[in-house]
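Asks: Here it is, the structure in full.
2 protein chains.
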Amino acid sequence: MAVYTEIGDGELDALLADYEIGGAIACTGIAEGVENSNFLLQTDAGMFILTIYEKRVKPDDLPWFLALLSHLSDRGFPCPVPVRRRDGGVLSDIRAKPAAIVSFLKGRWPRKPLPRHAWAVGDALASLHLAAADFGPERPNDLSVGDWRPLAERCGPGADDVRSGLADEIARELDVLETAWPRDLPRGIIHADLFPDNVFFLDERLSGVIDFYFACNDILVYDLAICLNAWCFEPDGAFNITKARQMLGAYRARRPLSRPEFDALPVLARGAAMRFLLTRLYDWLNHPEGAFVTPKNPLEYWRKLDFHRGVGGAAAYGLDF
Amino acid sequence: MAVYTEIGDGELDALLADYEIGGAIACTGIAEGVENSNFLLQTDAGMFILTIYEKRVKPDDLPWFLALLSHLSDRGFPCPVPVRRRDGGVLSDIRAKPAAIVSFLKGRWPRKPLPRHAWAVGDALASLHLAAADFGPERPNDLSVGDWRPLAERCGPGADDVRSGLADEIARELDVLETAWPRDLPRGIIHADLFPDNVFFLDERLSGVIDFYFACNDILVYDLAICLNAWCFEPDGAFNITKARQMLGAYRARRPLSRPEFDALPVLARGAAMRFLLTRLYDWLNHPEGAFVTPKNPLEYWRKLDFHRGVGGAAAYGLDF
Chain A
1 MAVYTEIGDG ELDALLADYE IGGAIACTGI AEGVENSNFL LQTDAGMFIL
51 TIYEKRVKPD DLPWFLALLS HLSDRGFPCP VPVRRRDGGV LSDIRAKPAA
101 IVSFLKGRWP RKPLPRHAWA VGDALASLHL AAADFGPERP NDLSVGDWRP
151 LAERCGPGAD DVRSGLADEI ARELDVLETA WPRDLPRGII HADLFPDNVF
201 FLDERLSGVI DFYFACNDIL VYDLAICLNA WCFEPDGAFN ITKARQMLGA
251 YRARRPLSRP EFDALPVLAR GAAMRFLLTR LYDWLNHPEG AFVTPKNPLE
301 YWRKLDFHRG VGGAAAYGLD F
Chain B
1 MAVYTEIGDG ELDALLADYE IGGAIACTGI AEGVENSNFL LQTDAGMFIL
51 TIYEKRVKPD DLPWFLALLS HLSDRGFPCP VPVRRRDGGV LSDIRAKPAA
101 IVSFLKGRWP RKPLPRHAWA VGDALASLHL AAADFGPERP NDLSVGDWRP
151 LAERCGPGAD DVRSGLADEI ARELDVLETA WPRDLPRGII HADLFPDNVF
201 FLDERLSGVI DFYFACNDIL VYDLAICLNA WCFEPDGAFN ITKARQMLGA
251 YRARRPLSRP EFDALPVLAR GAAMRFLLTR LYDWLNHPEG AFVTPKNPLE
301 YWRKLDFHRG VGGAAAYGLD F
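Okay, structure coming up:
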């Protein structure tokens, strides 16, 4: 929960003068989202989200993210639509920080995902991959397999304070992942962070996907492997094969998986667990005293990684090829 | 900024089934408000605020607060209107906590109040006092002059860690206030917490007053004295006599002040500064490590108190009787 940047009197009016959505009726800081400052903005033209980008997002990447959202929404994918300024641009400045206004998406993210949610996410993920297939500009994934070891090294010996021996276990697992990582699977735009709090549902239907600020070009089924981690484990750590079956089934009904893609799921899921383990570990070891945001326990992802390490093959996720 | 209570899947639908405002289209935790959990709730019928009351508000007081809001809004005062349930009530339960739905007020609170805002607040405060004049039920002020010494004693010697000698200075000031406190000025319902973040403006006009959870029966001009503290000092500590003149002028144009009320303003303003000094001091000394909410520095109110202590009479606030 976070609002880092205050909008001063007059600044909002000055901003909105550059758009064609009327004046502000209300602008309320919202508690969700830990990376940026987000405001629910009501104008004569309706409801919008105003985002002020804080330091975690690279300003140079913003045009790419916003162009991707425009591209996807043009193709009917339910994501936020950037609102164009009168001058045609989609980026503005507030207090020397970049800012954008996007459409407001109805719905609410599921607090306790059910198998039907997992189905809908698999279906939407395939739609996203297909809708983005003709998006030209590329953004490399800066949190992919080659980036994990440097990140682990930046965590340093602190990992062992989280769990004795963890630093060594991570190093050994990275040896395996770097060797086994698939090199020639179909690539494209992936969301790369499709957790439950980024997917809205309304009247039991998926109504929106938000937070594309990790989107990038990478192996398409790596996105599915991220979702297996994000949606298919219960709070007690148990893997829910019913949800996995629903998710994979819905995905491949819309975008069929090749045999190599299917077979790569366990190693990709291990890698996805490693990626979230490492960023959580880094945040855990480096969060400032008294920060607003309590870091999430990294060990949840060590346990997920361990599950994927133990499966005999992708069939463990509930479907045969 | 705070959302303390999560609303589970299905809980919102179950809650809204008790009302006649349709189903939830969106429900977003908002970052403002430090006492309760507040959500911007969009339904088929429009925008509302859903509040879940956390422990600082006494549940037994809630019917009084909500009845006051209904009374004021019936008389045209721009405050949140409690939405009635199908059974006629205005209180619900979420996760064993009391909850209410009220109308959403347009506008935005002024980050840098100007004299015109001070004028509008004086005008609205008088309207509030007049509109509440025929509200029957009473709620005593549990933060009035008789409550300050016990509160100061609960702060204990920690006050001296905030500023050397502060505990003694507070005790001596309380001796003065308890003796000088006026006993027979006109009483009625006061807001008692009318700070800038509780007053919304839209298109340069006051559009709403929120957060009545300190409202109570007390000396009417004590409310004006609170507003002098809340609105008429600059960030650097300087008293802005222009704002005070606007505020007092607007107030008495709508509700004329008697001579005793006018003359009591300096001591009431000292008392108001003491009240906020003490609650801030208590919160400063007692906030939990790593809490979301950073307590406000209590010394700001010691300096305001000192200003009021130094004035020769109410004319120092910009108007002669």
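So the protein lines, in turn, are chains A and B.
Just so you know, the UniProt record's numbering puts 82 at position 82 of the first sequence, and the rest follows in order with no gaps.
Just so you know, the UniProt record's numbering puts 134 at position 134 of the second sequence, and the rest follows in order with no gaps.
Where a beta carbon is used, it is the ideal one built from N, C-alpha and C, also for glycine.
#1: Check whether the segment 230-241 of chain B and the segment 162-178 of chain B are in contact - that is, three or more C-beta pairs closer than 8 Å.
#2: Does the structure place the segment 46-55 of chain B close enough to the segment 129-148 of chain B that three or more beta carbon pairs sit under 8 Å?
#3: With the cut-off set at 8 Å, would you say Ala225 (chain A) and Leu268 (chain A) are in Cβ contact?
#4: Ordered along the chain, which non-local residues of its own chain (more than five positions away) have a Cβ less than 8 Å from that of Asp184 (chain B)?
#5: Which residues of the segment 19-51 of chain A have a Cβ closer than 8 Å to any Cβ of chain B? Give them in chain order.
#6: Buried or exposed: which applies to Asp218 (chain A), given that a residue is buried once 16 or more other Cβ atoms fall within 10 Å of its Cβ?
#7: For a test of the three-state rule: what should DSSP assign to Leu41 (chain A), helix, strand or coil?
#8: Assuming Phe48 (chain B) contacts Val102 (chain B) (C-beta within less than 8 Å), just tell me the rounded distance between them.
#9: Three or more C-beta pairs closer than 8 Å, one from the segment 244-251 of chain A and one from the segment 197-210 of chain A: is that the case here?
#10: List in chain order: all unbroken beta strand (DSSP E) runs of 3+ residues lying wholly within the segment 64-100 of chain B.
#11: Would Pro182 (chain A) pass as a contact of Ala264 (chain A) if the rule is Cβ separation under 8 Å?
#12: Under 8 Å: do the segment 9-28 of chain B and the segment 192-199 of chain A share three or more Cβ pairs, one atom per stretch?
#13: Check Ile241 (chain B) in the structure and name its three-state DSSP category.
#14: Excluding the 5 residues flanking Ala315 (chain A) on each side, which residues of the same chain have their C-beta closer than 8 Å to its C-beta?
#15: Hey, could you find the ends of the beta strand (DSSP E) Cys227 (chain A) is sitting in?
#16: DSSP state of Ser103 (chain A), grouped into three classes?
#17: Taking Arg111 (chain A) as the query, report the chain B residues whose CB atoms sit under 7 Å from its CB, ordered along the chain.
#18: Grab the span of the beta strand (DSSP E) containing Ile190 (chain A) for me, first residue to last.
#19: May I have the straight-line CA-CA distance separating Glu173 (chain A) from Ala180 (chain A), to the nearest angstrom?
#20: Pop quiz: Tyr301 (chain A) and Phe276 (chain A) are said to be a contact at Cβ under 8 Å. What is the actual Cβ separation, rounded to whole angstroms?
#21: At the level of alpha carbons, what is the spacing between Pro59 (chain B) and Lys97 (chain B)?
#22: Give me whichever residues DSSP pairs with Met247 (chain A) in a beta bridge.
#23: Measure the C-alpha to C-alpha separation of Thr28 (chain B) and Leu40 (chain A) and round it to an integer number of angstroms.
#24: Under 8 Å Cβ to Cβ from Arg116 (chain B), same chain only, skipping five residues before and after it: list those, please.
#25: Classify Arg111 (chain A) as helix, strand or coil using the three-state DSSP reduction.
#26: Is any beta-carbon of chain B found at less than 8 Å from that of Lys243 (chain A)?
#27: Which parts of the segment 133-158 of chain B are runs of the alpha helix (DSSP H), unbroken and 4 residues or longer, counting only runs that do not cross its ends?
#28: Which term fits Gly165 (chain B), buried or exposed, when burial requires 16 or more other beta carbons within 10 angstroms of its beta carbon?
#29: State the start and end residues of the unbroken alpha helix (DSSP H) segment that holds Gly310 (chain A).
#30: Rounded to whole angstroms, what's the CA-CA distance from Ile21 (chain A) to Leu114 (chain A)? Just pull it up for me.
#31: Quick check: is the beta carbon of Lys106 (chain B) nearer than 8 Å to any beta carbon in chain A?
#32: Measure the alpha-carbon distance for Pro266 (chain A) versus Phe195 (chain A) and round it to whole angstroms.
#33: What is the rounded straight-line gap between the Cα of Ile7 (chain A) and the Cα of Pro256 (chain A)?
#34: Measure the alpha-carbon distance for Asn297 (chain B) versus Asp283 (chain B) and round it to whole angstroms.
#35: Taking the continuous beta strand (DSSP E) assigned at Leu206 (chain B), which residues delimit it?
#36: Note down the Cα distance separating Ile94 (chain B) from Phe233 (chain B), rounded to an integer number of angstroms.
Replies: With the given structure in hand:
#1: no
#2: no
#3: yes
#4: Pro260
#5: Gly23, Ala24, Ile25, Ala26, Cys27, Thr28, Gly29, Ile30, Ala31, Glu32, Leu40, Gln42, Met47
#6: buried
#7: strand
#8: 7 Å
#9: no
#10: 92-94
#11: yes
#12: no
#13: helix
#14: Phe321
#15: Where Cys227 (chain A) is concerned, there is no enclosing beta strand (DSSP E), although the alpha helix (DSSP H) it sits in stretches over 220-231.
#16: strand
#17: Glu6, Gly8, Asp9
#18: 187-190
#19: 10 Å
#20: 5 Å
#21: 9 Å
#22: Answer is none; Met247 (chain A) lacks a bridge partner.
#23: 9 Å
#24: Glu204, Gln246
#25: coil
#26: no
#27: 145-155
#28: exposed
#29: 299-310
#30: 37 Å
#31: yes
#32: 19 Å
#33: 47 Å
#34: 9 Å
#35: 205-209
#36: 40 Å
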